[in-house]
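I have placed the structure first, in the form of structure tokens, so that the comments after it can refer back to it.
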Amino acid sequence: MLESMVYAADVATLQEVWTSIVQKWIGPAVFIIIGACSLKFLFSRQWTQFVAFLALGIIVAAIIYAAPAMFSQNSTLVRGVGDVAKQIN
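Spelled out as structure tokens, the structure:
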């Protein structure tokens, strides 16, 4: 298992390795944790905690899966922050 990740890191680009790790390990782990905790709040009838945790979980999952698009060198977010930093300096 570790050998396949090391081999993938040698052959692939960093973007491909990140995508592979997110799809195989991080994404499913996040969904399992969010689901388990949400069910705990749901079964104990703590509605506000359930809704708040579920909303926070959705935001975290969106950031995990959208991070390459949001923080790549050519993304609108990075260019916008760079333009603001140039204006400040």
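Under UniProt numbering, the first residue of the sequence shown is numbered 1, with each subsequent residue one higher.
Beta carbons: idealized from backbone N, C-alpha and C, even for Gly.
Asked, Found
"If I'm right that residue 56 touches residue 50 with Cβ under 8 angstroms, what's the distance once you round it to whole angstroms?", "With 8 angstroms as the limit, residue 56 and residue 50 do not qualify as a contact, their Cβ atoms being about 11 angstroms apart."
"Which of the three DSSP states, helix, strand or coil, is assigned to residue 38?", "helix"
"Thinking just about the alpha-carbon of each residue, which of 65, 37, 80 and 81 is nearest to the one in residue 20?", "65"
"Determine the closest residue to residue 59 out of 30, 36 and 22, with distance taken between C-alpha atoms.", "30"
"Within a Cβ cutoff of 7 angstroms, which residues of the same chain sit near residue 88, ignoring the five residues on either side of it in sequence?", "none"
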